[in-house]
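Chemist:
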Amino acid sequence: MDEKNDIVQLPTPPAPAVCNASSANPPSPAEFTFPPREKVAEEVVPKPVGSNRDSRDTIDLEKQAPPKRKRFANFRYNVFTVYRRLFAFVFCANLAVFLYVMISDRQLLALVDATAVNLVACGLARHPMVVNGIYRVVCSLPRSAPLWLRRRAANAAHYGGVHSGCGVASVVWYIGFLAAVSRLYWTSSPISPSTSDFKFSAAPVTLCYVVLVCLLVMVGVAYPTFRRKYHDYFELTHRFGSWTVLALFVALLMVFVHEVSRAQRESFGHFLITLPAFWLLIAAIIAIVHPWLLLRKVPVKAEPLSTHATRLSFDHTQISFAKGIQVTKHPLRDWHSFAGFPDEPAPSNRNSTISNNRDSTISNATTLKGHSYRNSTISNNSTFKKGHRRNNSSFSIVVSKAGDWTADTIQNPPSNLWKRGSLMRGVGYGLRLFNRIIIVTTGSGIGPCLGFLGDANRPLIKVVWQTRTPIKTYGQGVLDLVHEMGPDPIILDTNVLGRVDMLPIVRQQVDEFQAEAVFVISNPAMTQKIIYEFQSQGIPAYGPIFDS
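If you want it as structure tokens, here you go:
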């Protein structure tokens, strides 16, 4: 890799702010504790005329001008999101074709094939290899491409709108098919107009109604409100429901082909292999079965970080940028997805990397009109080396207490876990389209962000992280990794400062850092709030979709 391409020029850093508490011993670079609020100096030495000081010395959040929002911002970014736009496009396109088919001829085979097409598309939209391909293609634009185009391509994470759109559309097509079959059955009409001897028996009609019940249950539990409140029930119902529907579809197709082929005086085999729905059903079976063929029980090395978090390391495969793993303690119970990040390289390489990034830093306090945060600035040069940190043999995830499964994992660290499928890319992959980004995260959300360390071509990153007692909770090793992500990380300790409104801080950093996008990883409510605030102001913001 070209060493010159790995050096990013930064503006000359400002001189440290002179505070009343400057006589106190400053913390070492390895310490990220914060002074009590009452000891933080409220006054900073005025900026001399012609000096090299800038606005980062004093950040008066109360004097920021109210942000100007785009027209119809609430509708565009809260109601009609990119996810829902994709859903609406897929569903409305299907609905238009459905109405045409129902008005024109209502051919049974057309209804069967359309149902199968949507079911296959619905399944493939969640397959790891397909998802990786979507990210690979959509996010392959060079950084020299127009910014407006890169901003749209970074929305690749909303592919779930296609999944849900095809899923609901398949139910509409299936109801149309069921209505046509029911009409023929209840009116004792012949299956084929060419022969009047053959009519539908009760078997296919009964199977049709059983499949409909299963489909409606799956759509119902997938409704966002139910899915968020009862996620474990949603996951189990969706998984076993899809298996049940697939098995019933196989039985229904066989019975349907048997009766229709007999009515049209064709052989069963010839009619079956010439029916598109048959091949589509095979594709659906492969899409569902394939990840389970890769089911493995893999060894795990647990490193307790605190009573709130633990680090799990895997060495069964390599990991690349912005990929995650699905793990569980029992393959038929709830699965949990985590974004991975590469482990530290060999000790000699790691020491050289840290010396490049940490030995040349100092820590100073910046006044935030009543709040302070720890800000590390480059002291002896104006460059930051984006060292490519990638260990080809292992990777890790950070598990933070957020439920029964994670709490048990922290209290009783496992030695083995089940994994399925291949590693799957996530929303962070789209951020490699930008030159400069700001990562906003809270708590254990820092874990997925560390995945950027595995990308040699990652953008220049500014981290704003709000968490409780970072060293005590996550350990010095994780904080070292945070400092390797980018220059001047801002770490807000809520144990000292309380919960700080991050929006004004990030808004100012966007201007000063000249960021092209903001990446947010937090709980769903906070993620949605920050993303909306910046999108409504014309600043591209991205984060997890929370739709699985």
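This note's numbering numbers the first residue of the sequence shown as 30 and each following residue consecutively. Beta carbons: idealized from backbone N, C-alpha and C, even for Gly.
Check whether the Cβ atoms of N464 and R98 sit closer than 9 angstroms, and answer yes or no.
Modeler: Reading the sequence shown from its first residue, position 435 is the one you call residue 464. Reading the sequence shown from its first residue, position 69 is the one you call residue 98. Taking 9 angstroms as the Cβ cut-off, N464 and R98 do not qualify as a contacting pair.
Chemist: Beta strand (DSSP E) containing R325: first to last residue?
Modeler: Residue mapping note: residue 325 aligns to position 296 of the sequence shown, counting from 1. Unbroken beta strand (DSSP E) run through R325: 325–328.
Chemist: Determine the DSSP secondary structure at E295, reduced to helix, strand or coil.
Modeler: As a position in the sequence shown, residue 295 is number 266, starting the count at 1. In this structure, E295 counts as coil in the three-state DSSP scheme.
Chemist: Report the CB separation of L510 from L479 in whole angstroms; it is logged as a contact under 8 angstroms.
Modeler: Here residue 510 refers to the residue found at position 481 of the sequence shown. Here residue 479 refers to the residue found at position 450 of the sequence shown. Contact flag correct, Cβ pair sits at about 5 angstroms.
Chemist: So, do the segment 154–161 and the segment 212–222 have three or more beta carbon pairs nearer to each other than 8 angstroms?
Modeler: no
Chemist: Drop a sphere of 10 angstroms on the beta-carbon of D530, count the other beta-carbons inside from all chains shown, and report buried for 16 or more, exposed for fewer.
Modeler: Stepping through the sequence shown from its first residue, residue 530 is reached at position 501. With fewer than 16 other Cβ atoms within 10 Å, it is exposed.
Chemist: Between S423 and the rest of its own chain, which residues show a CB-CB distance below 6 angstroms, the 5 nearest in sequence each way excluded?
Modeler: Here residue 423 is taken as the residue at index 394 of the sequence shown, counted from 1. For S423, where only same-chain residues beyond five positions count, the Cβ hits under 6 angstroms are S342, D344, D372.
Chemist: What number of angstroms, rounded off, separates the C-alpha of S565 from the C-alpha of L452?
Modeler: The residue you call residue 565 lines up with position 536 of the sequence shown. The residue you call residue 452 lines up with position 423 of the sequence shown. The straight-line gap from Cα to Cα measures roughly 33 angstroms.
Chemist: What's the C-alpha gap between L140 and V108?
Modeler: Stepping through the sequence shown from its first residue, residue 140 is reached at position 111. Stepping through the sequence shown from its first residue, residue 108 is reached at position 79. One C-alpha to the other measures close to 32 angstroms.
Chemist: Report whether the distance from the Cβ of L170 to the nearest heavy atom of the ligand ADP is below 8 angstroms.
Modeler: Ligands are entirely absent from the displayed structure, and the ligand ADP is therefore not among its contents.
Chemist: Which same chain residues, not among the five before or five after V286, have their C-beta less than 8 angstroms away from its C-beta?
Modeler: Within the sequence shown, numbered from 1, the residue matching residue 286 stands at position 257. Only residues of its own chain outside the window of five on either side were considered, and among them F297, F300, L301, L304, F307 have a CB closer than 8 angstroms to the CB of V286, listed in chain order.
Chemist: Alpha carbons only, please: which of P553, A546, V130, I559 is nearest the one belonging to P569?
Modeler: Within the sequence shown, residue 569 is the residue found at index 540, counting from 1. Relative to the Cα of P569, the nearest Cα in the group P553, A546, V130, I559 belongs to A546.
Chemist: Would you decide whether H400 is buried or exposed? Buried here means 16 or more other CB atoms lie within 10 Å of its CB.
Modeler: On the sequence shown, position 371 is the one that residue 400 refers to. At H400 the pLDDT is 40, less than 50, meaning the model places this residue with poor confidence; the figure from the coordinates comes in the next sentence. Buried.
Chemist: Give the straight-line distance between the Cα atoms of P253 and R362, rounded to the nearest whole angstrom.
Modeler: Position 224 of the sequence shown holds residue 253. Position 333 of the sequence shown holds residue 362. Answer to the nearest angstrom: the Cα atoms are 21 angstroms apart.
Chemist: Which term fits P55, buried or exposed, when burial requires 16 or more other beta carbons within 10 angstroms of its beta carbon?
Modeler: For this step, residue 55 is matched to residue 26 along the sequence shown. Any reading at P55 must be qualified, since the residue scores a pLDDT of 37, below 50, and its modelled position is unreliable; no value is offered.
Chemist: What residue does the alpha helix (DSSP H) around I534 start on, and which one ends it?
Modeler: Numbered from 1 along the sequence shown, position 505 holds the residue referred to as residue 534. Residues 531–542.
Chemist: How many angstroms separate the CA atom of V456 from the CA atom of V130?
Modeler: Here residue 456 refers to the residue found at position 427 when the sequence shown is read from its first residue. Here residue 130 refers to the residue found at position 101 when the sequence shown is read from its first residue. Rounded to the nearest angstrom, the two C-alpha atoms are 38 angstroms apart.
Chemist: Between D576, R449, L462, H267, which lies nearest to N486 when the distance is taken from Cα to Cα?
Modeler: One-based indexing of the sequence shown puts residue 486 at position 457. Comparing Cα-Cα distances from N486 to each of D576, R449, L462, H267, the minimum goes to L462.
Chemist: Can you tell me whether P56 is helix, strand or coil according to DSSP?
Modeler: Working through the sequence shown from its first residue, we reach residue 56 at position 27. Note that P56 scores a pLDDT of 39, beneath 50, so its modelled location is shaky; the value from the coordinates is reported in the next line. The answer is coil: DSSP assigns P56 none of H, G, I, E or B.
Chemist: So, is the C-beta of K326 closer than 9 angstroms to a C-beta in chain C?
Modeler: Judged by its chain identifiers, the structure shown contains no chain C, having just a single protein chain.
Chemist: Verify whether the separation of the beta carbon atoms of A209 and L124 is less than 9 angstroms.
Modeler: Looking up residue 209 in the sequence shown gives position 180. Looking up residue 124 in the sequence shown gives position 95. No, they are not a contact pair.
Chemist: Using the Cβ count rule (16 or more neighbours within 10 Å means buried), how would you classify Y106?
Modeler: Indexing the sequence shown from 1 puts residue 106 at position 77. Buried, because 16 or more other Cβ atoms sit within 10 Å of the Cβ of Y106.
Chemist: With 16 other CB atoms within 10 Å as the buried threshold, where does G572 fall?
Modeler: Position 543 of the sequence shown holds residue 572. Buried: at least 16 other Cβ atoms inside 10 Å.
Chemist: Bridge partners for V428 per DSSP, in chain order?
Modeler: Position 399 of the sequence shown, counted from the start, is the residue given in the question as residue 428. Paired residue(s): T339.
Chemist: Taking 8 angstroms as the cut-off, does the segment 436–451 touch the segment 173–185 (at least 3 CB pairs, one atom from each stretch)?
Modeler: no
Chemist: Taking the alpha helix (DSSP H) that Q505 falls in, what are its first and last residues?
Modeler: For the purposes of this step, residue 505 is identified with residue 476 of the sequence shown, where counting begins at 1. Per DSSP, Q505 belongs to the alpha helix (DSSP H) from 499–514.
Chemist: Looking at A368: is its Cβ nearer than 9 angstroms to the Cβ of G504?
Modeler: Here the question's residue 368 lines up with position 339 in the sequence shown. Here the question's residue 504 lines up with position 475 in the sequence shown. No, these two residues do not count as a Cβ contact at 9 angstroms.
Chemist: Rounded C-beta distance between V191 and V119? I'm assuming under 8 angstroms.
Modeler: Position 162 of the sequence shown, counted from the first residue, corresponds to residue 191. Position 90 of the sequence shown, counted from the first residue, corresponds to residue 119. Their Cβ separation, rounded to whole angstroms, is 6 angstroms, which keeps V191 and V119 in contact under 8 angstroms.
Chemist: What residues in its chain sit with their C-beta under 7 angstroms from that of Y561, if we drop five residues either side in the sequence?
Modeler: What you label residue 561 is simply residue 532 of the sequence shown in a count that begins at 1. These residues qualify, in order along the chain: Y106, N107.
Chemist: If we call anything under 9 angstroms between Cβ atoms a contact, is F370 one with G483?
Modeler: The count along the sequence shown starts at 1 and reaches residue 370 at position 341. The count along the sequence shown starts at 1 and reaches residue 483 at position 454. Their beta carbons are under 9 angstroms apart, which means F370 touches G483 by this criterion.
Chemist: Hey, could you find the ends of the alpha helix (DSSP H) N524 is sitting in?
Modeler: Reading the sequence shown from its first residue, position 495 is the one you call residue 524. Here the alpha helix (DSSP H) through N524 covers 523–526.
Chemist: From which residue to which residue does the alpha helix (DSSP H) around I475 run?
Modeler: Position 446 of the sequence shown, counting from 1, holds the residue named residue 475. Per DSSP, I475 belongs to the alpha helix (DSSP H) from 475–478.
Chemist: Just to confirm my understanding: we take A338, look at its own chain, exclude 5 residues before and 5 after, and list those with CB closer than 8 angstroms. What are they?
Modeler: Counting from one through the sequence shown, the residue named residue 338 turns up at place 309. Only V427, V428, S429, K430, I439, S473, T502, Y503 meet the Cβ criterion.
Chemist: Could you tell me the distance, in whole angstroms, from the CA atom of Y164 to the CA atom of I317?
Modeler: Here the question's residue 164 lines up with position 135 in the sequence shown. Here the question's residue 317 lines up with position 288 in the sequence shown. Those two C-alpha atoms are separated by around 20 angstroms.
Chemist: A145: which of D226, L281, A117, I500 sits nearest, CA to CA?
Modeler: Here residue 145 refers to the residue found at position 116 of the sequence shown. Ranking D226, L281, A117, I500 by Cα distance to A145 puts L281 first.
Chemist: Which residue from I314, W434, S290 puts its Cα closest to that of H359?
Modeler: For the purposes of this step, residue 359 is identified with residue 330 of the sequence shown, where counting begins at 1. Cα-wise, what sits closest to H359 is W434.
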